[in-house]
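**Student:**
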Ligand SMILES: Cc1cc2nc3c(=O)[nH]c(=O)nc-3n(C[C@H](O)[C@H](O)[C@H](O)COP(=O)(O)OP(=O)(O)OC[C@H]3O[C@@H](n4cnc5c(N)ncnc54)[C@H](O)[C@@H]3O)c2cc1C
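Numbering (my numbering), first residue to last: 7 to 243.
1. Give me the Cα-Cα distance between residue 148 and residue 214, rounded to the nearest whole angstrom.
2. Can you give the Cα-Cα distance for residue 34 and residue 95, rounded to whole angstroms?
3. Starting from the C-beta of residue 58, find all residues in its chain whose C-beta is less than 6 Å away, skip the five residues before and the five after it, and write them out in chain order.
4. In terms of residue numbering, what span does the alpha helix (DSSP H) encompassing residue 231 cover?
5. Quick one, are the C-beta atoms of residue 225 and residue 208 less than 8 Å apart?
6. Identify whether residue 172 lies in helix, strand or coil by the three-state DSSP scheme.
7. Just to confirm the assignment, what range does the beta strand (DSSP E) spanning residue 95 have?
8. Taking residue 129 as the reference, give the member of 158, 116, 55, 40 with the closest Cα.
9. Rounded C-beta distance between residue 182 and residue 100? I'm assuming under 8 Å.
10. Ignore the nearest five residues each way along the sequence and tell me which others in residue 39's own chain have a CB closer than 7 Å to its CB.
11. Based on Cα-Cα distance, which residue from 223, 166, 110 lies nearest to residue 195?
12. Could you check where the alpha helix (DSSP H) with residue 210 kicks off and where it finishes?
13. Tell me residue 59's beta-bridge partners as DSSP assigns them.
14. In its own chain, which residues sit with a C-beta less than 6 Å from the C-beta of residue 115, not counting the 5 before and 5 after it?
15. When the Cα atoms are used, what is the spatial distance from residue 87 to residue 173?
16. Determine the closest residue to residue 81 out of 125, 50, 15, with distance taken between C-alpha atoms.
17. Determine the burial state of residue 73: buried for a count of at least 16 other Cβ atoms within 10 Å of its Cβ, exposed for fewer.
18. In three-state terms, what does DSSP make of residue 156?
19. Is residue 244 helix, strand or coil by DSSP?
20. Tell me the DSSP bridge mates of residue 166?
21. If you reduce the DSSP assignment to three classes, tell me which class residue 32 lands in.
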């Protein structure tokens, strides 16, 4: 295992289909950077919750944010253990028998402790990173952040203690005898793609589509665009 890999422990080591696993930071970061939404698992008073939410990464930290009134964020603020997953669904794999159908995917499971960013400047810097991650160059053109907006927002940060990436790709091998079965089998690729922009109804006349939004070209794969943006963003390294 390279020095630049997360060291798996019994908590994070992939046991089921270990041939799909990788622990190197590059693989983990690449999958994180290609995503927009994660699922965060945490326990409050013995009850597990899993909350879908937007996230962003900087170096070995993952960030998420929300209303200061959020139960999830208030309960995590003190530094509780969390498990965060990101999933990319790449294809349906259609086989000749029920049990050989599968899904091609790339996923990450990361472990750490959540903690609220309390310093106002650090909080604003983290929110700046979120906007710049999605829309590079947009922050300076925005209406400045108000103190009450910042106060009403919680930003959480988690250093990745351990993480595993797991990915399945390609076709599925049917059992030898199944190839004589006269039924279609194969791979049905899936992806989230960019649609046509819908300008806001109250847009001021003559306001053009900015380059940071035009980056999301119609028909483009969202994971590919997010990956390109992350590669160009020095803050993510
Ligand atoms: C889109 C999608 C669909 C899936 N469908 C199924 C399904 O129908 N049935 C099924 O059994 N499994 C499915 N999986 C795989 C599933 O995520 C688990 O890997 C699998 O169920 C084994 O779970 P386990 O707890 O026994 O794994 P273990 O190998 O015991 O898990 C140990 C550790 O391995 C790592 N790990 C496990 N799974 C993942 C993962 N997916 N990504 C990153 N790290 C991981 C974690 O660190 C975890 O703590 C699917 C995965 C994806 C992404």
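Cβ atoms here follow ideal geometry from the backbone N, Cα and C, with glycine treated the same way.
**Tutor:** Taking the definition as stated:
1. To locate residue 148, count along the chain shown from 1; it is residue 142. To locate residue 214, count along the chain shown from 1; it is residue 208. Going by the C-alpha atoms only, they are around 15 Å apart.
2. Residue 34 sits at position 28 when you count from the first residue of the chain shown. Residue 95 sits at position 89 when you count from the first residue of the chain shown. Computed Cα separation, rounded: 16 Å.
3. The residue given as residue 58 occupies position 52 in the chain shown. Counting only Cβ-Cβ distances below 6 Å, and skipping sequence neighbours, we find 43, 45.
4. Within the chain shown, numbered from 1, the residue matching residue 231 stands at position 225. Its alpha helix (DSSP H) spans residues 228-238.
5. Counting from 1 along the chain shown, the entry for residue 225 is found at position 219. Counting from 1 along the chain shown, the entry for residue 208 is found at position 202. In this structure, residue 208 does not lie closer than 8 Å to residue 225 by Cβ.
6. Sequence index remark: in the chain shown, residue 172 carries index 166 (1-based). Residue 172: strand per DSSP, three-state reduction.
7. Taking the chain shown and counting its residues from 1, one reaches residue 95 at position 89. Taken as a continuous stretch (DSSP letters only), the beta strand (DSSP E) holding residue 95 covers 87-100.
8. Mapped onto the chain shown, residue 129 falls at position 123. Of 158, 116, 55, 40, the residue nearest in Cα terms is 158.
9. For the purposes of this step, residue 182 is taken as residue 176 along the chain shown, with counting starting at 1. For the purposes of this step, residue 100 is taken as residue 94 along the chain shown, with counting starting at 1. Residue 182 to residue 100, Cβ: 18 Å. No contact.
10. Working through the chain shown from its first residue, we reach residue 39 at position 33. Within the same chain, residue 39 has close Cβ partners 63, 232, 233, 236, 242.
11. One-based indexing of the chain shown puts residue 195 at position 189. Residue 195 has its Cα closest to that of 110, out of 223, 166, 110.
12. Locating residue 210 in the chain shown gives position 204, counting from the first residue. Element bounds for residue 210: n/a, residue is neither H nor E.
13. In the chain shown, counting from the first residue as 1, residue 59 sits at position 53. DSSP lists 44 as partners of residue 59.
14. Position 109 of the chain shown holds residue 115. Cβ neighbours of residue 115 beyond the five flanking positions: 91, 170.
15. The sequence position of residue 87 within the chain shown is 81, counting from 1. The sequence position of residue 173 within the chain shown is 167, counting from 1. When rounded, the distance between both Cα atoms is 25 Å.
16. Residue mapping note: residue 81 aligns to position 75 of the chain shown, counting from 1. Checking every option, the nearest Cα to that of residue 81 belongs to 50.
17. One-based indexing of the chain shown puts residue 73 at position 67. So residue 73 counts as exposed.
18. Stepping through the chain shown from its first residue, residue 156 is reached at position 150. In the structure shown, residue 156 sits in a helix (DSSP, three-state: H, G or I).
19. Since the first residue shown for the chain is 7 and the last is 243, residue 244 is missing from the structure and cannot be characterised.
20. Here residue 166 refers to the residue found at position 160 when the chain shown is read from its first residue. Under DSSP, residue 166 takes part in no beta bridge, so it has no partner.
21. In the chain shown, the residue the question calls residue 32 occupies position 26. Helix at residue 32.
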